[in-house]
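See structure below.
Take a look at the structure:
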């Protein structure tokens, strides 16, 4: 894939789209592509999380102790790892021949430092999501108390 193809793919990811084309271009140039065969692990639960992955083709099953999600093209796997050092809470395994764009946290942070407006847009989006999640938890708690 070309850099322009990679930028187009990154633009499909809602969180990354907030950054704008210039920041996405920097991410596309600085990231790397990785290929996987069916059954290959992208990462395992407990691994150090130092990157996020955008699925280019194929799909991955992301398992979190019973919960399971299938991530296909345009999906961002490991979004939180772009922002904070942590251990992987889940495992991800390729379901078929698949490829991803690996975006290292260090690259992501350099891009945000070089584009404060993009960083503010991302901060605002994460604040909105956090607020919504807190509201959802309060509502669920209220329903359970009834």
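In the working numbering, the protein residues as written are 18 to 163.
Beta carbons: idealized from backbone N, C-alpha and C, even for Gly.
Looking at the secondary structure, which residues open and close the beta strand (DSSP E) in which residue 88 lies? In the chain shown, the residue the question calls residue 88 occupies position 71. Taken as a continuous stretch (DSSP letters only), the beta strand (DSSP E) holding residue 88 covers 84-88.
Element boundaries [beta strand (DSSP E), containing residue 69]: Walking along the chain shown from the start, residue 69 turns up at place 52. Taken as a continuous stretch (DSSP letters only), the beta strand (DSSP E) holding residue 69 covers 68-74.
Three or more C-beta pairs below 8 Å linking the region 130-145 and the region 72-85: no
What residue range does the beta strand (DSSP E) around residue 110 cover? As a working mapping, residue 110 is identified with position 93 in the chain shown. Residue 110 -> beta strand (DSSP E) spans 108-111.
Compute the distance between the beta-carbons of residue 122 and residue 67, then report whether it is under 9 Å. As a first step, residue 122 must be located in the chain shown, where it is residue number 105. As a first step, residue 67 must be located in the chain shown, where it is residue number 50. Yes, Cβ-Cβ distance for residue 122 and residue 67 is below 9 Å.
Report the start-end ranges of each alpha helix (DSSP H) in the region 93-155 that is 4 residues or longer and not cut off at the edges. 122-131
Kindly confirm or deny that the region 139-150 and the region 104-118 touch, where touching means at least three C-beta pairs closer than 8 Å. no
Could you tell me how far apart the beta carbons of residue 27 and residue 33 are, in whole angstroms, since I believe they sit closer than 8 Å? On the chain shown, residue 27 is found 10 positions in, with the first residue counted as 1. On the chain shown, residue 33 is found 16 positions in, with the first residue counted as 1. The Cβ separation is near 5 Å, so the contact holds.
Taking buried to mean at least 16 other C-beta atoms within 10 Å of its own C-beta, is residue 89 buried or exposed? In the chain shown, the residue the question calls residue 89 occupies position 72. By the 10 Å Cβ count, residue 89 comes out exposed.
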